[in-house]
Amino acid sequence: MIHITFPDGSVREYAKGITGFQLAESISPRLAAEVLAIGVNGVTLDLSRPIEDDATIQLHKWDDPEGKHAYWHSSAHLMAEALQELYPGMKFGIGPAIENGFYYDVDPGDAVIKESDLPAIEAKMIELAARKEQIVRKEISKQEALDFFKQKGDEYKVELISDLTDGTISFYSQGDFTDLCRGPHLQNTGEIKAIKLLSVAGAYWRGDEKRKQLTRIYGITFPKKKMLDEYLAFLEEAKKRDHRKIGKELELFTFSQAVGAGLPLWLPKGTILRNRLEDFLKRIQKRFGYQQVITPHIGQKELWVTSGHYAKYGKDSFQPIHTPQEGEEFLLKPMNCPHHCEIYKAFPHSYKDLPIRYAEFGTVYRYEQSGELHGLTRVRGFTQDDAHIFCRPDQLKDEFLKVMDIIFIIFNALDFKNFEAQISLRDPNDREKYIGSDENWEKAESAIVEACEEKGLKANLVLGEAAFYGPKLDFMVKDAIGRRWQLGTIQVDYNLPERFDLEYTGADNQKHRPVMIHRAPFGSMERFVAVLIEHTGGKFPLWLTPEQAVILPISEKFNDYAHQVAQQLDEQDIRVSVDDRNEKIGRKIRDNELKRIPYLLIVGEKEMEAGVVAVRKQGEGDQGTKTVNAFAVDINAEVEKMMKIF
RNA sequence: GCUGUUGUAGCUCAGCGGUAGAGCACUUCCUUGGUAAGGAAGAGGUCAUGGGUUCAAGUCCCAUCAACAGCUCCA
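When we follow this note's numbering, the leftmost residue of the first sequence carries the number 34, and every step to the right adds one.
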């Protein structure tokens, strides 16, 4: 007999070799019907795996990530089985479960899989699932595994197996399909009920640009048709919050083919929004001891040769600008750091002057490859809310913590609760990619790790994601459909101060090297506004929104009064306009609600006589009347309340 | 840059070999209406660009540009 401990702490005795499924059955048939995988001592396994020793277990259903994972992983195998039948000789790469669904990377040889082929693959999957095939696990030696896939002619699997250690290899089979796989899987493909293949795309084998591009098919499945319908409806809803759509609807920004791809044009309303954000950050930065500076959009090529950026990115950047005078070369600035370093160098500095914090909303230009452009989130010309902090080594951690505070203030103010923090370090296996000494890198990396610990910030450590001159702490926020975008970033840099020969005079009257922090709490104005749009669905907070109120006269007779009210509000810094179109009030309300204007002020005969406005709050309906002055005071108080949170 | 998809009126889209369409927006007129779409008339398009096939090309083919979903990249 063995002892099984359940999540509630209770312990039961079972026969040695009992399976997860039998365990579930022993509790209730309903549980057995719903359970998808089992966690045994923290390792997720198939329900059909026998348990031989005492263990702590957890039964995973659909609502657990482990349950979904097994379900979607088996769905990937089901899709592969369908593909094998439809495209004989197809070779398979990898086919994992992902956050929402699964994919499989396949090499269809000379055949081409197009989006229009997906329904046929779906139909085949449904046909196969109806056969309710058992999914069988088999542990296998490395040699047997190699022989199987060599014989099948699947070089991708052969390559994968070659990298595995003997004794840890398992196959999963259902019907005529066998795959190299660690599992865990469902017991039976019949559990897969609702299937939707979503898209087809190219994906490089093992993520390597130099290797063959396979065909990646994305799909998602659910135990119930209704759940699939709900998911597809969710995707439709998310599309409505797409910043590119809302940006157009609310007249925030646009692009022009004539101007060029990836070069956003900010419209008047978008400019108000952006200026409000800039003012907000400037106000915070002032409190934190930053000084605003302004630098030109170009600089001599030498500047980036010194920084190391030219060697690293020169070939893939906008190429140098040549002047009529031969031999002069300028670059559009792809970052602001060299300019700020030159500002630092304009004066000698004492240790007493540090830290020095130069901030600039600096517009930079980077040649992103065409396929990488994406709305406002990935563009070729953008404005960083940049700053460079020059400090003494002993000030580094404190300065780093203060920057984190600024980022938290901003995320708080805009209600970005679900951000993720990522510490990006060097790739220890590829030191060639980076400049600077090991000693400096180690100091910089540990400064970031320590700062996060001090703040109690849980951050993912990712190797190989550092900038070439230093490690960084990035803050990622998801868009409407769950794509992660890097917003705030803080980078520690010992290298540029050396390359630019930056100095300060210490208390010992000797020259010392300052440390530099690069930081951008928004990341860029473009990307930040994009993510903000998707988070708010275009319903911006009152202090930010381009139009705070609109006045709606009941009929043209009250247009004069409406404009009078508008002027009065304008004098009190309310951003207001008048909808004096020849339309009925119902129409004006509808149109302005759709423009997500927070307050609609309706004025007719009653209001004009009493010198008031009828206030209607967006989404909440009629709020009764107020005097014009009272309305202005209330709005400004609401805005001020927000601005005081820091 | 790579794979797949898509470019028709300001916007959303229909038309898929035979003289360019709808709804919304826009203009003018009627209406002056009290909390989410009042009515009528009108104007607006080298069908992304450049080639080709055809008696005839938004419609078929090729190239280029741009956008979309991924991949790769992201100082």
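The C-beta atom is built at its ideal place from N, Cα and C for all residues, glycine as well.
Out of Glu361, Pro381 and Arg82, which one is the CA nearest neighbour of asparagine 542?
Checking every option, the nearest Cα to that of asparagine 542 belongs to Pro381.
What number of angstroms, rounded off, separates the C-alpha of leucine 409 from the C-alpha of serine 174?
Rounded to the nearest angstrom, the gap between the Cα atoms of leucine 409 and serine 174 is 51 Å.
Just to confirm, are glycine 223 and lysine 165 a CB contact at a threshold of 8 Å?
It is a contact, given that the beta carbons lie within the stated cut-off.
Cα-Cα, which of Met641, Ala553, Ser457 and Ser470 is closest to alanine 394?
Per the sequence shown, residue 394 should be read as phenylalanine rather than alanine. Distance from the Cα of phenylalanine 394 is smallest, within the candidate group Met641, Ala553, Ser457 and Ser470, for Ala553.
Rank Glu263, Asp463, Asn462 and Lys385 by C-alpha distance to the C-alpha of aspartate 427 and give the top, closest one.
The shortest C-alpha to C-alpha distance from aspartate 427 to any of Glu263, Asp463, Asn462 and Lys385 is the one to Lys385.
Residues near alanine 115 in its chain [Cβ-Cβ closer than 7 Å; skip 5 each side]:
Correct list, in chain order: Ile154, Lys157, Met158 and Leu161.
Runs of beta strand (DSSP E) wholly within the stretch 393-427 (minimum 3 residues, chain order)
Correct list: 414-424.
Can you check DSSP and say which residues form a bridge with isoleucine 250?
In DSSP, isoleucine 250 forms a bridge with Tyr137 and Val233.
First and last residue of the uninterrupted alpha helix (DSSP H) at leucine 119:
Taken as a continuous stretch (DSSP letters only), the alpha helix (DSSP H) holding leucine 119 covers 98-119.
State the start and end residues of the unbroken beta strand (DSSP E) segment that holds alanine 582.
Where alanine 582 is concerned, the enclosing beta strand (DSSP E) stretches over 582-586.
Quick check: the Cα distance between threonine 356 and glycine 332, rounded to an integer number of angstroms?
The straight-line gap from Cα to Cα measures roughly 12 Å.
Are the stretch 214-232 and the stretch 253-264 in contact at 8 Å, needing three or more beta carbon pairs?
Three or more Cβ pairs drawn from the stretch 214-232 and the stretch 253-264 lie within less than 8 Å of each other, which places the two stretches in contact.
Inspect the beta-carbon positions of histidine 372 and alanine 563 and report whether they are closer than 8 Å.
Contact flag unset, no.
Just to confirm, are glycine 240 and threonine 248 a CB contact at a threshold of 8 Å?
Not closer than 8 Å, so no.
Does arginine 170 come out as helix, strand or coil in the three-state DSSP assignment?
Collapsing the DSSP output to three states places arginine 170 in a strand.
Can the beta-carbon of cysteine 370 be found closer than 8 Å to that of histidine 551?
Remark: C-beta atoms of cysteine 370 and histidine 551 approach each other more closely than 8 Å.
When the Cα of glycine 503 is compared with those of Val548, Asp512 and Ala540, which residue comes out closest?
Considering only Val548, Asp512 and Ala540, the residue with the shortest C-alpha distance to glycine 503 is Val548.
First and last residue of the uninterrupted alpha helix (DSSP H) at lysine 476:
Run containing lysine 476: 471-488, per the alpha helix (DSSP H) assignment.
Taking the alpha-carbon of phenylalanine 452 as reference, which of Asp418, Gln402, Gly521 and Lys435 has the nearest alpha-carbon?
Ranked by Cα distance from phenylalanine 452, the options Asp418, Gln402, Gly521 and Lys435 are led by Gly521.
Count the other CB atoms within 10 Å of the CB of isoleucine 131; is the residue buried (16 or more) or exposed (fewer)?
Result: exposed.
contact_flag[the stretch 313-321, the stretch 439-451] where n(CB pairs < 8 Å) is 3 or more:
Judged by Cβ distances under 8 Å, the stretch 313-321 makes contact with the stretch 439-451, as three or more pairs qualify.
On the CB-based measure, 16 or more other CB atoms within 10 Å of its CB, does alanine 379 come out buried or exposed?
By the neighbour-count rule (16 or more Cβ atoms within 10 Å), alanine 379 is not buried but exposed.
Would threonine 201 be called buried (16 or more neighbouring beta carbons within 10 Å of its own) or exposed?
Result: exposed.
Could you pull out every residue in the same chain whose Cβ sits closer than 6 Å to the Cβ of glutamine 207, ignoring the five residues on either side in sequence?
Result list for glutamine 207: Glu166, Ile168 and Thr222, in chain order.
Mapping DSSP to helix, strand and coil, what is alanine 70?
Three-state DSSP puts alanine 70 in a strand.
Start-to-end residues for the alpha helix (DSSP H) that takes in serine 340
Where serine 340 is concerned, the enclosing alpha helix (DSSP H) stretches over 334-340.
Spatial neighbours of glutamine 417 in its chain, beta-carbon cut-off 7 Å, leaving aside the 5 residues before and after
Counting only Cβ-Cβ distances below 7 Å, and skipping sequence neighbours, we find Asn369, Gly395, Val397, Ala553 and Ser557.
According to the Cβ coordinates, are leucine 111 and tryptophan 95 closer than 8 Å?
Using a Cβ distance threshold of 8 Å, leucine 111 and tryptophan 95 do not count as a contacting pair.
Find the nearest neighbour of alanine 266 within the set Gln290, Ser195, Ile514 and Val73, judged by alpha-carbon distance.
Nearest of Gln290, Ser195, Ile514 and Val73 to alanine 266, Cα basis: Ile514.
Would you identify the three-state DSSP class for tyrosine 343, choosing helix, strand or coil?
Reduced to three states, the DSSP call for tyrosine 343 is helix.
So, are the CB atoms of isoleucine 250 and valine 73 less than 8 Å apart?
No, these two residues do not count as a Cβ contact at 8 Å.
So, with DSSP's three-state summary, where would you put tryptophan 238?
For tryptophan 238, the three-state secondary structure derived from DSSP is helix.
What would DSSP say about glutamine 734, mapped onto helix, strand or coil?
Only positions 34 to 679 of the chain appear in this structure, which leaves residue 734 out of reach.
Three-state secondary structure (DSSP) of glycine 644
In the structure shown, glycine 644 sits in coil (DSSP, three-state: anything other than H, G, I, E or B).
Along the beta strand (DSSP E) that carries isoleucine 514, what are the first and last residues, could you check?
Neither: isoleucine 514 is in no beta strand (DSSP E) and is coded neither H nor E.
Spatial neighbours of alanine 113 within its chain, please: CB distance less than 8 Å, with the 5 preceding and 5 following residues excluded, ordered by chain position.
Only residues of its own chain outside the window of five on either side were considered, and among them Phe125, Gly128, Tyr137, Val139, Phe210 and Asp212 have a CB closer than 8 Å to the CB of alanine 113, listed in chain order.
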